[in-house]
Amino acid sequence: MKKTKNRLSGRFMSNPYSIITLVLLAIYVISLLFPTLWGFITSFKSNATDYLSNTLGFPKKWKFGNYVTAFNNYMIPVFKNGQESDYYIESMLLFSVLYAVGSAFFSALTCCLAAYATSKFNYKFSKVIYSVVILTMTLPIVGSLPSEIRTIKALNLYDNMIGMWILKANFLGLYYLVFFTTFKGLPKDYSEAAYIDGASDFTVLFKISLPLVKNIFMTIMLIKFVEFWNDYTVNITYMPSFPTLAYGLYDYSISTKPQINNTPMRLAGCFILMIPVFTVFIFTHDRIMSNLSVGGVKE
Amino acid sequence: MIKKICDRANGKKIEDLFFYAVILAFPVLQFCVFYIGVNFNSLLLAFKNYESYNSYSWSGLSNFENLFVMFGEKTLYAVAFKNSLKSFVWGTACGLLLGLFFSYYIFKKGFAYNFFKVCLFLPSIIPAIALVVMFKQFADGAMPQILGKIGFHVKGLLAEPKLTFGSIIFYNVWISFGTGILMYAGAMENIPESIFEAAKLDGASYGIEFFKIVFPLIWGTFSTFFIVNVGSIFINSMNIYAFYGPNAEESVYTIGYFLYNESVKTNAYANYPQLAAFGIVLSLITLPFVYLSKFILKKIGPAAD
Amino acid sequence: MKRKTEKKLISAACAVFIAFSASSCAGRNPGGETLNKDMTQLNIGVFEGGLGSDWVYALKKSFEEKYADVSFEPNKKGVQLQVSESKSFSGTFGTEGTVNMSQDVIFAEGAAMLYCAERGDFLDISDIVKAPLDYDFVRKNTADGGESATIESKLSDNQKAYYSALDNKYYALPTAETYMGIAYDIELFEENNLFFAPDGTFVKSAADQRSSGPDGDPDTEWDNGLPATYAQFYTLCAKIKQLGMIPVMWGGALQEMVSFLLLSLEADYAGSEQMYLNYDYNGVLKNQILSFGKDCLPVTGGSVNISAANGYELYKQDAKYYALKFLEGIIKNGYYNVKNGTSSSFTHQDAEDVFVSAKYNTKLQRAAMLVDGNWWQSEAKGVFNEWEAEKGECASLQNRKFGMMALPKADESKTGNMTLLTYQGHIGVINSHIEDYKINLAKSFLQYCYTEKALRTYTLMTNICRPVTYSMGDDYNKLSSHGKICCDLHVGANKVSMESSSKINRNYNTEIWYAPNLWTSTVGGTTYKFPSTAMINSGISAEDYFLGLSGYWTKGVWNGTFRNV
């Protein structure tokens, strides 16, 4: 089996399309890894005595203390009820995971359910929903922030995690269309067989349709997770008491504190976040990004 | 017997309607509260003028009239419009198409495909701020020195005016592959193996396999991405704010950046009416193109069978 | 096997994550001083920026001692100041203003003062502004031997008008006198004899008599020997360049600093009254340049009444042209850091670091002058500390000799005192949402910051001045050379501020004060935001750029941008 795979792979690699793609991929990887490596090396330099006069080279003296300084300065002060609490990386990590996972899950779920309902049922309202999605994708709304904050506060959703999950759980955007297309493309055989056996709509949804789109769901949830993981504006506007890592990095990158107000320190701050995420990703990317074939009706 | 069938059919219809209503209840409610409710006021702003804190007065269509006067007077709109179109063309040409080819390569498990898959997804994992800091430092700090050593003297990829916008487009394409790879490769995995086996038996090359089998079968995913790209031509700020803050030169403005920049200024409240009017005009321009793209893609798209 | 390793790794990561995060749920209490629960906490918020909060800590002890025996709350005696820095204390303080902030007294930067006051974020502090400084708001009595002057008496007329624009009540006070200028390395000037002698040549030694400088007054020593005119400035730059150094440096990533310098030059040329037209839009513009004749000689026009409706006429103000001319001379002759003057990787902080470090790090090309704000030394504290650790006290911020240069004049006819254009938005306020029992305490602290002693302490800690009238007295000698020059400018210069309560300034504040918006110019169908990059990259002349200002700010664009003013 392995020999067949290798032989097939060898066949693929010997054709011009794959060679060109390989070259392009190699250029891409070099363009990505080279600056990353340069940034990593630079993060160990001293600013005044090294980096400014030695942009490209290796550090004259490796300052591992840069990372300790960066770690200790990753701090967001939160003011609430007359108290100041300082949140460091560990807290920010917790808030980031809660926010990103929760928002990604509820956002993907809302998209999925709305797409399922509108793709499976031909009511006029389904067309309305579809048109709304298309329209909202093209409509740049400005100046809605003050109104949004007032609404969230009125509903008691301001500055709490559950409020954010609710706020992010909308069906608008590209992923509704992806789910819609997916559900439209699903073979009807399973669901029809289930209806004949007396299954309700809810049973068909949860036991047949959702499992069939499990991979798409996980993929979209992952994409949204990444989007929410990197979102630093949520803390500024909706959730000031739960600073996330993304906000921590943003605040760190614009800080004027003397000890971190230079390029090597900024890069050290960036890598403090990147290295753990990168390490976990390296070991789990197979599971995260696995493209399992969808079970379908067997011929 | 017929009555029984009709009764059962009616019962099913009611059950379906109930199910439909329950499933859509939360999404529709969320939309009504957090989109219509919140944004209705913002849309109304297009017909108002700012007086002082929390005070707007009705001004009819004057914001729209003013907008068209400004289109003629300021070069910014033409430049931003052109740049938005340029970034769409290059983003689609490079981003979408390269994404397809890379996805196919990974799907076919080419040499070091796992390594490339991880690298392509990395920019999605790394925070945008970190990427921008590294890119800027490298593009204007390290690159001039590297290129200088091989005889090319540039101030920097971002500092050299002729290269600035191209570098920004490059950056945006550079970080965009992750999502596409996931979606395309996922769509490719859904293609039954039997089709590939049949193609192989018929002696189809990989090029024919890609263009005649794979691409038609993932056309739905591709066209969805394309339509979304069309829809967001004037919303895409191209990460320019991350590069330059509010201080980008006009030559690199896109409409999306202009809108974002204007709305986050300290006294943005006074500009909201004008921006809201501009937003409506942009939507009116974009909507027909979105539907037109959808129509054309459906027309020229291959049938799945 | 790989799956097993993967599982173990994921389990270990999850365990670490849970332990790590669970230990941090509640956050930690801030480091430093322990909270004393037997004392009333007065929370002081300071904008997290270059100026920092060291000056608050310097005032903390004496203020706390003053009320050590006063009870503000049941079972508590005395007050403890809790100082926190954050970038939240700026602009409009976020969409929710100061409602959720626990800070009682806030020192903000870049704040939209009138907007926030109108929104109800700031407490009315008219009483502390108008009361004598020796009146104690907590004890409700007048201390013996205290300062009988009022804060109001220390404000200028323009400041009084601006800060009481809302219903004739004060809601904020100005806190920092900041401006953009040219910092210069005094040690470098002395080592290389870069000062001018009275006959216009360079001095031959540090002890030689120096010229009178731009103000033409030999008695004001702080600007003696500095270039008096643009022509002299270029002579200086030529010599510096000949010596293998960079005459003028700026951070390529922040071209706006050069644009702000141009505003400072414009103010110095125009004078305070004519410069203030650009913020108030109420007065008579005296000198316009309409076009250029032979040999690029300006063709001038007559006076124009300026209002918000025809503010675009100000883009023909002659002072703008001369500021551009100054920049053109620097760029045309390569008197700036050519290698990275437009590089987005060379930030203004990098420029500050090079400016300070080049004396010791000989691999760096030394720069004689730096385009930066007068707060630059506070921002560069990190690099000063680094060198002090390497080289000892002689390399410290206090002991290195830098100064803010008196700006040269366009020509000899303009010789005289410098006109200083100061920034807006640096304010001290009291949060209107604080508890009632803290109001008088907060007022007392804000008032305390404006006593002569506190004003001097502020200057000693930051090396810049507050924009109110006061004297450093003997403390002047404790300042660094930079601090001394800032004080000399504070006393000697004519001042004009960007603060105005005109409707156009209130509603369109960013367009009115932010330099890149003010220097936008359309030349040959292309619009440029920064004169510096336009001149460097496209070779645009000062004349073309100046005419392009009116080319951009046409009547249509003006009325389309500033609606309902």
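Residue numbers (our numbering), protein chains in the order written: chain H, 1 to 299; chain P, 300 to 604; chain W, 605 to 1169.
Ideal Cβ positions, reconstructed from N, Cα and C, are used throughout, including at glycine.
None of these values were measured; they are calculated from a predicted model.
Beta-carbon proximity list for residue i, same chain, < 7 Å, skipping 5 on both sides
i	result
alanine 70 of chain H	Ile260, Met265, Ala268, Gly269 and Ile272
serine 423 of chain P	Gly477 and Thr478
tyrosine 559 of chain P	Ser536 and Tyr540
Within 8 Å, strictly: CB atoms of residue i and residue j
i	j	result
cysteine 111 of chain H	tyrosine 158 of chain H	no
leucine 777 of chain W	valine 709 of chain W	no
lysine 593 of chain P	isoleucine 490 of chain P	no
methionine 853 of chain W	alanine 955 of chain W	yes
proline 35 of chain H	methionine 537 of chain P	no
alanine 569 of chain P	asparagine 1111 of chain W	yes
phenylalanine 509 of chain P	tyrosine 412 of chain P	no
Whole-angstrom C-beta distance between residue j and residue i, which should lie under 8 Å
i	j	result
serine 200 of chain H	glutamate 314 of chain P	7 Å
tyrosine 247 of chain H	asparagine 230 of chain H	At roughly 10 Å, the Cβ-Cβ gap does not stay under 8 Å, so tyrosine 247 of chain H and asparagine 230 of chain H are not in contact.
glutamate 677 of chain W	threonine 644 of chain W	5 Å
isoleucine 1178 of chain W	alanine 972 of chain W	As displayed, chain W neither begins before 605 nor continues past 1169, which places residue 1178 of chain W out of reach and without an answer.
serine 1036 of chain W	leucine 727 of chain W	4 Å
glycine 887 of chain W	leucine 881 of chain W	5 Å
alanine 832 of chain W	serine 815 of chain W	7 Å
isoleucine 1144 of chain W	valine 1127 of chain W	5 Å
valine 862 of chain W	leucine 931 of chain W	7 Å
leucine 1045 of chain W	valine 683 of chain W	6 Å
Proximal residues of chain P, C-beta to C-beta of residue i below 7 Å
i	result
aspartate 201 of chain H	Glu314, Asp315 and Phe318
For residue i, the first and last residue of its enclosing alpha helix (DSSP H)
i	result
glutamate 713 of chain W	Where glutamate 713 of chain W is concerned, there is no enclosing alpha helix (DSSP H), although the beta strand (DSSP E) it sits in stretches over 709-715.
isoleucine 1043 of chain W	1043-1052
valine 1033 of chain W	Element bounds for valine 1033 of chain W: not the alpha helix (DSSP H) but the beta strand (DSSP E), 1031-1034.
glutamine 645 of chain W	Segment 644-651 is the beta strand (DSSP E) holding glutamine 645 of chain W; no alpha helix (DSSP H) there.
phenylalanine 183 of chain H	174-185
Cross-chain neighbours of residue i in chain H, by beta carbon under 7 Å
i	result
threonine 523 of chain P	Leu174, Leu177, Val178 and Thr181
valine 453 of chain P	Going along chain H, no residue has its Cβ under 7 Å from valine 453 of chain P, so there is no contact; the nearest lies around 15 Å.
glycine 653 of chain W	Thr256
Own chain residues within Cβ distance below 6 Å of residue i, not counting five before or after
i	result
leucine 457 of chain P	Ala438, Asp439, Thr463 and Ser466
tyrosine 926 of chain W	Tyr873 and Ala1014
glycine 856 of chain W	Asn944, Gly945, Thr946, Ser947 and Phe950
phenylalanine 171 of chain H	Thr110, Cys111 and Ala114
Listed by chain order, chain W residues near residue i by CB distance under 9 Å
i	result
threonine 244 of chain H	Under the 9 Å cutoff, chain W gives no residues; its nearest Cβ is about 12 Å from threonine 244 of chain H.
phenylalanine 79 of chain H	Asn647, Gly649, Ser688, Ser690, Ser692, Asn704, Met705, Ser706 and Gln707
Beta-carbon neighbours of residue i, restricted to chain P and to distances below 9 Å
i	result
phenylalanine 228 of chain H	Those within 9 Å of phenylalanine 228 of chain H in chain P number zero; the least Cβ separation is about 12 Å.
threonine 1131 of chain W	Lys373, Thr374, Leu375, Val378, Glu548, Glu549 and Ser550
Residue range of the unbroken beta strand (DSSP E) whose run includes residue i
i	result
leucine 685 of chain W	683-690
tryptophan 357 of chain P	354-357
tyrosine 1132 of chain W	1130-1132
glutamine 892 of chain W	892-896
isoleucine 786 of chain W	784-789
tyrosine 349 of chain P	347-351
isoleucine 20 of chain H	Isoleucine 20 of chain H -> not in any beta strand (DSSP E); alpha helix (DSSP H) instead, spanning 16-42.
leucine 1024 of chain W	1023-1026
Residues near residue i in its chain [Cβ-Cβ closer than 8 Å; skip 5 each side]
i	result
leucine 56 of chain H	Trp38
isoleucine 935 of chain W	Ser1136, Met1139 and Ile1140
leucine 366 of chain P	Gln573, Ala576, Phe577 and Val580
tyrosine 916 of chain W	Ser1154, Trp1157, Thr1158, Lys1159, Val1161 and Trp1162
threonine 746 of chain W	Pro736, Asp738, Tyr739 and Asp740
phenylalanine 837 of chain W	Pro831, Phe930, Gly933 and Pro1012
Interface partners of residue i on chain H, CB under 9 Å
i	result
asparagine 989 of chain W	Pro258 and Gln259
Cβ-heavy atom distance, residue i to the ligand MG, below 7 Å
i	result
glutamate 668 of chain W	Here there are no bound small molecules, and the ligand MG is not part of this structure.
Listed by chain order, chain H residues near residue i by CB distance under 8 Å
i	result
glutamine 859 of chain W	By Cβ distance, chain H contributes nothing, its closest Cβ being about 18 Å from glutamine 859 of chain W, past 8 Å.
valine 958 of chain W	Leu52
Contact set between residue i and chain P, taken where Cβ atoms lie within less than 8 Å
i	result
valine 852 of chain W	Correct list: empty, because the minimum Cβ distance to chain P is about 18 Å.
Would you list, in chain order, the members of the stretch 350-366 of chain P that have their beta-carbon closer than 9 Å to a beta-carbon of chain C?
Chain labels in this structure do not include chain C; the protein chains are H, P and W.
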